[in-house]
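The opening position of the sequence shown corresponds to residue 30 in this note's numbering, with each subsequent residue numbered one higher. Below is one structure, written out as structure tokens; the observations come after it.
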Amino acid sequence: MKPAFSTVACPEWTLDEVASAARRMSFDGVELRTFGFGETQLNCDPMQTDPDKVRSIFSACGVVPLSLATSLRFDERVWPPVLGLAFMDDEAMIRRCRRIIEAASLAGIPYVRVYGYQLHGNESRKSAVRRIAARLRLAVDACRNTGVQLLLENGGSFATSDQLLELIEQSDMHNLLCAAYSAPVGRSAGETLETASARLGEKLHVVKMKDIAEGRPVRFGDGGGRVQRDLHVLASIGFAGWVVVEHDRLWVPEACNAEEALSGAAALILGEHARHARQERPPAATHSGSVRA
30 MKPAFSTVAC PEWTLDEVAS AARRMSFDGV ELRTFGFGET QLNCDPMQTD
80 PDKVRSIFSA CGVVPLSLAT SLRFDERVWP PVLGLAFMDD EAMIRRCRRI
130 IEAASLAGIP YVRVYGYQLH GNESRKSAVR RIAARLRLAV DACRNTGVQL
180 LLENGGSFAT SDQLLELIEQ SDMHNLLCAA YSAPVGRSAG ETLETASARL
230 GEKLHVVKMK DIAEGRPVRF GDGGGRVQRD LHVLASIGFA GWVVVEHDRL
280 WVPEACNAEE ALSGAAALIL GEHARHARQE RPPAATHSGS VRA
């Protein structure tokens, strides 16, 4: 398991401060939340900085700029059916996604996070999946020859692993669409991390975790043992992907600051990984000194 954190924890930090803090707290990577081109709510929004500078900031600290975590979603409904195509720009989101993929490629960022999102009104699931998957295929195609993969995160009407796979299996033409799985979102939909990791298999590249107590974000590890249990699940299956720690201070400004929330988080992740590795290690061979004939 490789530890990372999301910059939703530290909206007031600059990119230099983010990279330095990641190195100091032993994180291997950082998920970079972005609002895209234009206005932003983060001092560390990478889309407000030259891609070469983003690359050099993280390279100098030995930290991976893991992903551009966007809020892009592909569920906009065509309404009225068919005729609505004459009045809406059905590819506007695809164009925005292409621009962000290009920026990620220039900055050396390996993933762009997107969502499928939700069904509308009384439409059938089959119709929604078909529409969203068609748009996702165009976004996946934009990743070709860029070194960037698309990360589809669970949420909305696609909160479970099976629901994510509905979209992935219909959209991933070039093996460039992977899964980011938020354990709290899956749990709220009635799914365990054990089930999700088994269903997603090699498509699972990123697992998102956060700690909450009494409905509020708290320091990672202080929420009653839930993240520890989830880390044990991942360690037990030999998960080699990324564990991204979220602390929603961007959305809950009164939550504890990033230094407090993230301190010890990487050690907790790496410690569980090391503990399981020790348990799985075969005992050393013993030698009696005798020689077989």
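Don't be surprised by glycine CBs; every beta carbon is placed ideally from N, CA and C. As the structure is a prediction and not an experimental result, all values here were calculated from the model.
Roughly how many angstroms lie between the CA atoms of residue i and residue j, to the nearest whole one?
| i | j | result |
| --- | --- | --- |
| V92 | W271 | 13 Å |
| Q257 | L135 | 36 Å |
| N151 | I197 | 23 Å |
| H149 | S211 | 22 Å |
| E195 | V158 | 7 Å |
| V236 | V273 | 6 Å |
| R278 | E288 | 11 Å |
In chain order, what residues of the same chain have a beta carbon less than 8 Å from the beta carbon of residue i, not counting five sequence neighbours either side?
| i | result |
| --- | --- |
| M76 | T63, F64, G65, F66, T69, L97, I129 and A132 |
| V281 | R245 and P246 |
| D45 | I86 |
Return helix, strand or coil for residue i, following the three-state DSSP convention.
| i | result |
| --- | --- |
| M202 | coil |
| H234 | strand |
| L155 | In the sequence under discussion, the amino acid at residue 155 is Lys, which differs from the Leu named in the question. Correct three-state label for K155: helix. |
| C73 | coil |
| K82 | helix |
| G19 | Because the chain in this structure spans residues 30 to 322, residue 19 falls outside the shown range and cannot be described. |
| V36 | Note on residue identity: the sequence assigns Thr, not Val, to residue 36. DSSP places T36 in helix when its eight states are reduced to three. |
| Q308 | helix |
| F103 | coil |
By Cβ distance below 6 Å, which residues in the same chain neighbour residue i in space, the five residues on each side in sequence not counted?
| i | result |
| --- | --- |
| D104 | Y146, Q147 and I161 |
| I367 | In the structure as shown, the chain begins at 30 and stops at 322. Residue 367 is therefore absent and cannot be evaluated. |
| A225 | S190, Y210 and G215 |
| R106 | H149 |
Is residue i close to chain B, meaning its C-beta is less than 8 Å from at least one C-beta of that chain?
| i | result |
| --- | --- |
| R173 | The structure shown contains no chain B; it is built from a single protein chain. |
Per DSSP, which residues does residue i bridge with? Please list them.
| i | result |
| --- | --- |
| S265 | Paired residue(s): none; S265 is not in a bridge. |
| I241 | P246 |
| S96 | E60 and Y140 |
| A208 | L181 and L233 |
Please find out if some non-hydrogen atom of the ligand PLP comes closer than 7 Å to the beta-carbon of residue i.
| i | result |
| --- | --- |
| C39 | Ligands displayed in this structure: none; no statement on the ligand PLP is therefore possible. |
The stretch 289-309 contacting the stretch 66-78, beta-carbon criterion three pairs below 8 Å: Output reads no: the stretch 66-78 does not touch the stretch 289-309.
Three-pair Cβ contact test at 8 Å for the stretch 212-226 versus the stretch 80-89: At 8 Å Cβ cutoff, the stretches do not touch.
Touch test, the stretch 175-192 against the stretch 207-215, Cβ-Cβ under 8 Å, three pairs minimum: The stretch 175-192 is in contact with the stretch 207-215.
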